[in-house]
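Everything in the sequence shown is counted per the working numbering, starting at 112 for the first residue and increasing by one. So the structure is just underneath, and the comments pick up after that.
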Amino acid sequence: MEADNIDCALVQEPHSYRSTLPGYPSTYRIFYDPYSDIIKAAIIVRSRHPSTFTDCKNSDYNMVTLEVIAGSTAFTLFSYYFESSKNIDSDLHKISQVFSSKNLNRLVWSIDSNSKSELWFSLYSDARGDKLSEFISANNLFIINEDCGPTFRATQGTSYIDITVVGSDLLEDNSSWCLSENESLSDHVMIIV
């Protein structure tokens, strides 16, 4: 995170060991569901400057919701992992319930979608991608991905499955979306906004 000067990282499928996320400096604040044996989503905050509040009611093994106040600006960070083997409708219903109590205008949503859509530069769209795209649009949210190459790169192939979504108030603040050239220690490339 230091190499790319990243203050907050929204991660999906982080390396975990015995229900913890090892290997981060003690000065980092790490947010995930501590009651789950499986950790599929987390938010890691390097800087001590923003005030952060975990929304425990809206966090579990595959989602983390964090309220952040930086100066006089408040916004919501939301890290979500969609399991490819799970029906996307149940995930979208769960997310709808989270979003019903949030101001989505100041939302940053980082997603491992395990779905395809031409809206995030996949070569084609699949049914999961179509449903997720419709959900994003129906909530007046915006995909800010740029075509910088595949976000997933592994021996079995590459794909564009990682998405960054923002609310309307943050649309202009995100002038650059790019893939990091630094190693992420994952089969997903780090996205920098």
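We put the CB at the ideal spot given by N, CA and C, even for glycine. All of these numbers come straight from a predicted model, not from anything done at the bench.
Residues bridged to residue i (per DSSP)
| i | result |
| --- | --- |
| Trp231 | Its beta-bridge partners do not exist; DSSP assigns none. |
| Thr219 | It should be noted that the sequence gives Val, not Thr, for residue 219. Answer is Leu188 and Val277. |
| Thr128 | In the sequence under discussion, the amino acid at residue 128 is Tyr, which differs from the Thr named in the question. The partner list for Tyr128 (beta bridge, DSSP) reads Thr131. |
| Cys119 | Val156 |
| Ser162 | Ile180 |
| Gly268 | Ala265 |
Rounded distance between the beta-carbons of residue j and residue i, thought under 8 Å
| i | j | result |
| --- | --- | --- |
| Lys227 | Ser221 | No, Lys227 and Ser221 are not in contact; Cβ-Cβ is about 17 Å, not under 8 Å. |
| Leu218 | Phe189 | 6 Å |
| Thr269 | Asn256 | Actually they do not touch by this definition, with Cβ atoms about 15 Å apart. |
| Asp118 | Asn216 | At roughly 21 Å, the Cβ-Cβ gap does not stay under 8 Å, so Asp118 and Asn216 are not in contact. |
| Phe253 | Leu230 | Incorrect: roughly 10 Å between the Cβ atoms, too far for contact. |
Cβ pair residue i, residue j closer than 8 Å
| i | j | result |
| --- | --- | --- |
| Tyr143 | Val156 | no |
| Ile141 | Pro161 | no |
| Asp223 | Ile272 | yes |
| Lys242 | Leu203 | yes |
| Ala153 | Pro125 | yes |
Where residue i falls, given that 16 or more other Cβ within 10 Å makes a residue buried
| i | result |
| --- | --- |
| Ser170 | buried |
| Lys197 | exposed |
| Asn214 | exposed |
| Phe164 | exposed |
| Gln123 | buried |
| Arg159 | exposed |
| Asn225 | buried |
| Ala136 | Rather than Ala, the amino acid found at residue 136 in this sequence is Pro. With fewer than 16 other Cβ atoms within 10 Å, it is exposed. |
The ligand PLP heavy atom lying under 7 Å from the CB of residue i
| i | result |
| --- | --- |
| Val209 | Absent from the structure shown: the ligand PLP. Ligands present: none. |
(Q) Three or more C-beta pairs under 8 Å: does that hold for the region 168-175 against the region 185-201? (A) yes
Item to complete: Check whether the region 205-214 touches the region 258-266, taking contact to mean three or more Cβ pairs, one atom from each stretch, closer than 8 Å.
Response: no
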